[in-house]
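These notes concern the structure reproduced below.
Chains as they are written, first to last, in UniProt numbering: chain D, 1 to 289; chain H, 1 to 419; chain X, 1 to 307; chain L, 1 to 353.
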């Protein structure tokens, strides 16, 4: 009779301790995660001299929009942002469209001689090619077709890296969807393609959202390929614009912070927009690999 | 859903198609810094004046060489003109990326660039150095200067630092009294270009050089080299922790924020030091030529020069633009935009020199005239990298200074095939 | 009965139009084709070029013909100390960064899963770092690490600890890069682990609890095996990305000090563009590609990821 | 309306033969049940009718039309899946209306017919719900409604009741039977549950390893099982199948003797007899076939199942509900000799006399 409540009390105490640890961890994780972002934001509102204040100015004392003016009015960062946006959206659309179809095919159809497995593996393995490897041939390729310094060239190059990922994610997602739904649609009078369009695609929406945000992140942030392929503000993307403010003689921290902070905003906003799909879209997608 | 996707796809493609590359009449590759900004502004003026569309393509500084080399070695005609840092000239010239300017001067009825250009500025534009034909024209005249806080140096017992020993003496006093938050000297220790650029002037001040005069020997690991290295290490000891990763920016910021008393740096920083929104040391930083070692000090020249790419399809237009952009009037405008000039007439133009922000011009001109170029070699980037690694190791203390010199000697020998 | 009026109940065995029939027949090929063609186009050409380039000495001068050197460039790999350093640094970075990210990400997910499952907003906040441009991350951390003005040294100063040069210190540079990478990519592992945990079945845990298994045993016997596929794919993706690390190093240290942070991508970049030696760069790239593919094939077969 | 005919149909998955040389004619308006254990090829057979699998060889006809290679949408069949396969993103109304929408039926007409079908399956109050908001039985009805909203030539049902609890299953079974009777549509129904097969079918095709073991009315199948497999598969509790030996027309197995098989000699024989054809008798009766100890006694309500130990195995008999024997008590057994079946253990076929 005595032992039972004792265990009860102990486990409740333990539960409380765990809960406390969890909440403390959440707070610490939030601080560690968000501080650098806060810091870049705070710096973007400081005068250069205050960025280097000792001790640091935790909150800007003389807030200024100077760097935003420099970056977005005087310098073509708006243009860079537009380029980044077009390239990211273009890449995402191409990758998600084709990747979804290929993922579906690999998840649903059978191919002779183990080709399904071979092709799946080959598609993933193309993602292993370090971008640095393909830059020279890509440069030659785009030069030959007079496509250097175009956004289309960037989209093509980024697609090479996003398509395997999109295919892989969507393949996993479709593998987890019950095949009967599409079969039902076919018996109900749809073609296989129709079943894919009307049944499989709507059900794969979380997977599509998760795949899309990953493609967006990767192509919005890409640096190396853009560094080589783009030349003028007609096609240069935000990361190149930002890197350009590290000059031989000076680094324009204020402008970099302003541009860097603004570069984060659209992606974060989009992430919040699709947040409910993010974990769900992956959960099915990733678990079965 | 997919219909919507396809619709978006169609719209996106057409937007992109509309945005295809539309090249200007002349395209210039420039670094995205003040020198690029200056040329960009000049290009806009030129377009207004002559109706020729000139576009300045800005690449991050760390990528300009790569962009140029890429275009050159693939015979891509994307750039007509490239604005080069002077140590790159041999690479571009000897690999056939640059056009010999002689025929253009001839057809324009000129012998070559006029004598208003500083002789040292012109010398680097010829390949081989000061002897061969012109392959480019100087545009931005940079040479390192020595910056110091005169008041602090006076406190430390040195009125005007004439030699590296003076710098060391004052610097040590200041660092010792700084309590780990103030330092007598600061330099660029970042691996690669930065550490090499800040070591070379000291190297030369002690009579050392990378090669002997007729290029039959690598002469890094010599008594002169060792003496320079000794001073360099002593300077390292009085510099802040972390100089191993410093570039011009950190060094300049340290002076502007008043946490270090002296450094070598590029003259562009004068404007920053004198800008109250960026500096706490307005009016307190003095300038001088590079201090002496056992030999008179020599500054490192760091010009930006314009050359015509061989693959260009608009060479004559490009040449016309270059001549226009380097004319005395334009160089003066460029100077007003913040890029040091390359012409004696501009350096001594009273309209400029009377202004506070150009008060370093006499010193700068002196520095350029007493400057030394980095060794002219088509493999300079590779040499600089190898030398930079060894210097970085020495600064970081992972090898002894002696080993660093010996390794550098070996590495440079291997790269250049000179033993 | 119900559909008597529609006229569709009568025989409708017309096999459809020729195009529709053809499309349906070949759907498995048609749906796969765009992806395969794009990827072939974008990988085959570079691969052939690379193989060809790797056996030549290529002058930066476009008028000098390529000089066939056979395996010369590969032989050079054996004696190239900078390559060895880069290989070592890349290995150290990959192993340490991915391990720390994995342990942190998994640990956080296990600890917090129960408490933030419904707090989507909070979760997304924790995801932010992985969405940022690496270039912005690099620059942010450069400011934080800055020895004179940086926040980190200010904290050290307040705590009375010795100030450090962080990214500028020989011994701390790699560590600094790893910290920045961990900051950016732990959320990715965290997200994947949360996703994995969210899809765990409940019954086995109830059964295990009834059997008296401790939380530790439950983790070891149930959670880990269930999560294995997610863990595998997370590790694979992270390792592949870690092997191609470029932006952080490019901005934070440039490979220094004393070559301590020179990684393979940076070295390949330098060889190819700074030293203008694309033949040798291709040889290094091939080596990296080869190792990556061998490793990941082995890993994927082991984890049965391609099925 | 429609008949379905299989002619020498084979289906292979790689090396595995799922359906082997399958020939069957399903008559118009017939309710045919494909019965068999899992993996016997019954579902594959049905999916070939739907067009979800293609036959490797042989021909399938609906009426006179050969449907090999015809896209599912042109076959005009409807299918109810085991998992119901409701579209989770569509409401009940849209789920039911989906086949009509695909066929571009006018919205007004569509609405009318959805309402009509919904009323019929008692879903008219749930039309705006999503599948996840329904109970198992309701989902089953949606699946059914989706199949009957257009009048297809053939209904295909793949274990439609197996996900329901026992009580609901009985109820739905009756509804299904009634519905089929009313609609008069040819129906192919796949199940592994022999009770469903017996209760629903006009004819049952018992399948095993890709072939039909026996085809016939439920009564024929039950009363006249032609192979050992059918004998063992049909009936609950299952038929007693006792291995033994026939010598000179007398079956013998561990003291269990049954005569009357002419003068046959079969070294490996199996004797089959249903529990209701085995009767308990006093031990001392002369003509008992077996005397054995009782292993267990189970009262089911309407009768008592008694198991006896026979050699290494058990023999079950269905006794009166008032049976009073105790465990381990010796008991005599008589079989109705006209109701026993003898099978050749090697060929698995019945040996008739």
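Beta carbons are placed, not taken as given, at the ideal position from N, Cα and C, and that holds for glycine.
Residues sharing a beta bridge with residue i, DSSP
{"i": "residue 293/L", "result": "330/L"}
{"i": "residue 28/D", "result": "According to DSSP, which records beta bridges pairwise, residue 28/D is partnered with nothing at all."}
{"i": "residue 272/L", "result": "241/L and 341/L"}
{"i": "residue 35/D", "result": "The partner list for residue 35/D (beta bridge, DSSP) is empty, contrary to what the question assumes."}
{"i": "residue 26/L", "result": "4/L"}
Spatially closest choice to residue i from the options, by CA coordinates
{"i": "residue 267/L", "options": "273/L, 190/L, 279/L and 248/L", "result": "248/L"}
{"i": "residue 339/H", "options": "360/H, 292/H and 252/H", "result": "360/H"}
{"i": "residue 82/D", "options": "272/D, 259/D, 276/D and 60/D", "result": "259/D"}
{"i": "residue 98/D", "options": "233/D, 221/D, 61/D and 212/D", "result": "212/D"}
{"i": "residue 25/L", "options": "78/L, 187/L and 51/L", "result": "187/L"}
{"i": "residue 218/L", "options": "210/L, 225/L and 204/L", "result": "204/L"}
{"i": "residue 187/D", "options": "257/L, 86/L, 346/L and 308/L", "result": "86/L"}
{"i": "residue 229/L", "options": "46/L, 56/L, 342/L and 60/L", "result": "342/L"}
{"i": "residue 284/H", "options": "376/H, 258/H and 335/H", "result": "258/H"}
{"i": "residue 289/H", "options": "106/H, 93/H and 298/H", "result": "298/H"}
{"i": "residue 355/L", "options": "269/L, 208/L, 163/L and 144/L", "result": "Because chain L is modelled from 1 through 353, residue 355/L falls outside the range shown and cannot be assessed."}
{"i": "residue 196/D", "options": "80/D, 101/D and 43/D", "result": "101/D"}
Nonlocal neighbours in the same chain, by C-beta distance under 7 Å from residue i, ignoring five residues either side
{"i": "residue 318/H", "result": "26, 80, 81, 308 and 312"}
{"i": "residue 108/X", "result": "190"}
{"i": "residue 113/L", "result": "100 and 149"}
Neighbour flag for residue i against chain X, beta carbons, 7 Å
{"i": "residue 389/H", "result": "yes"}
{"i": "residue 1/D", "result": "Here the model assigns residue 1/D a pLDDT of 41, short of 50, so the residue's position is not dependable, and the following value carries that caveat. For residue 1/D, the answer is no, since every Cβ of chain X falls outside 7 Å of its Cβ."}
{"i": "residue 59/H", "result": "no"}
{"i": "residue 392/H", "result": "yes"}
Residue j beta carbon less than 7 Å from that of residue i
{"i": "residue 35/L", "j": "residue 291/L", "result": "no"}
{"i": "residue 308/X", "j": "residue 53/D", "result": "Outside the displayed range of chain X (1 to 307) lies residue 308/X, so it cannot be described from this structure."}
{"i": "residue 267/H", "j": "residue 352/H", "result": "no"}
{"i": "residue 346/H", "j": "residue 332/H", "result": "yes"}
{"i": "residue 261/D", "j": "residue 26/D", "result": "no"}
Chain D contact for residue i (CB, 7 Å cutoff)
{"i": "residue 260/X", "result": "no"}
{"i": "residue 89/L", "result": "yes"}
{"i": "residue 81/L", "result": "yes"}
{"i": "residue 85/L", "result": "yes"}
{"i": "residue 98/L", "result": "yes"}
{"i": "residue 63/H", "result": "yes"}
{"i": "residue 203/X", "result": "no"}
Any chain H beta carbon closer than 7 Å to residue i
{"i": "residue 249/D", "result": "yes"}
{"i": "residue 47/D", "result": "yes"}
{"i": "residue 143/D", "result": "yes"}
{"i": "residue 243/D", "result": "yes"}
Own chain residues within Cβ distance below 6 Å of residue i, not counting five before or after
{"i": "residue 225/H", "result": "208 and 405"}
{"i": "residue 96/X", "result": "178"}
{"i": "residue 126/D", "result": "164"}
Own chain partners of residue i with C-beta closer than 8 Å, once the 5 adjacent residues on each side are dropped
{"i": "residue 73/H", "result": "95 and 97"}
{"i": "residue 242/D", "result": "256, 259, 260 and 263"}
{"i": "residue 99/H", "result": "135, 307, 308, 309, 310, 312 and 315"}
Neighbour flag for residue i against chain L, beta carbons, 7 Å
{"i": "residue 239/D", "result": "no"}
{"i": "residue 177/D", "result": "no"}
{"i": "residue 170/D", "result": "no"}
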